[in-house]
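J.:
Numbering (the working numbering), first residue to last: 61 to 196.
Right under this line is the structure:
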């Protein structure tokens, strides 16, 4: 029985590794189209232009997150006490603040449009795929 359990753990571990590897390893890269300008020039120019149009604008935003807490059970109703017969797990909402750049999406869109104008397009590929030959 112990050998079967060990075999099951190994198979489960291999399955987890397979899932992680198969869902990761994707990259996005800029690929030149016909008559593309120099990449360094294009990306520097487009970065400057997009930041000029859509500068970093950080604002504080809030979101609700649910946190598991232990609540002491009532003496008259212990039927729902799932922790040591004394406590109940409950999900309680909490407000969380974080900083976000409200112009990030617009800046990215402006950058992508600019790069397209200068002859570059974004292309996704898996890491195990060969890089396209752009030397011709």
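Where a beta carbon is used, it is the ideal one built from N, C-alpha and C, also for glycine. Here the structure is a predicted model, which is why all the values come from computation and not from measurement.
So, at 8 Å on beta carbons, what are the nonlocal neighbours of residue 142 in its own chain, with the 5 sequence-adjacent residues on each side left out?
T.: The answer, listed in chain order, is 148 and 149.
J.: Leaving out five residues on either side along the sequence, give the residues of the same chain with a beta carbon under 7 Å from the beta carbon of residue 86.
T.: If we look at residue 86 and ignore the five residues flanking it on each side, its Cβ neighbours are 184 and 186.
J.: Taking residue 154 as the reference, give the member of 136, 128 and 168 with the closest Cα.
T.: If we check each option's Cα against that of residue 154, 128 comes out closest.
J.: Identify every run of the beta strand (DSSP E) within the stretch 130 to 185, keeping only runs that are complete inside it and at least 3 residues long; order them along the chain.
T.: Those beta strand (DSSP E) runs which fall completely within the stretch 130 to 185 and span 3+ residues are 147 to 161.
J.: Determine the direct distance from the alpha carbon of residue 97 to that of residue 173, and round the result to whole angstroms.
T.: Between residue 173 and residue 97, the C-alpha separation is close to 14 Å.
J.: Could you tell me the distance, in whole angstroms, from the CA atom of residue 162 to the CA atom of residue 170?
T.: Distance between the alpha carbons of residue 162 and residue 170 is about 14 Å.
J.: Here's a check: name, in chain order, each residue in its chain whose Cβ is nearer than 7 Å to the Cβ of residue 131, leaving out the five neighbours to either side.
T.: Correct list, in chain order: 147, 148 and 150.
J.: List the endpoints of the continuous beta strand (DSSP E) containing residue 88.
T.: 86 to 92 is the extent of the beta strand (DSSP E) around residue 88.
J.: Distance, Cα to Cα, residue 118 vs residue 93?
T.: Their backbone Cα atoms lie some 35 Å apart in a straight line.
J.: Between which two residues does the alpha helix (DSSP H) containing residue 104 stretch?
T.: Per DSSP, residue 104 belongs to the alpha helix (DSSP H) from 99 to 113.
J.: Between which residues of its own chain and residue 110 is the CB-CB distance below 7 Å, once the five residues before and five after are set aside?
T.: The residues are 167, 170, 171 and 174.
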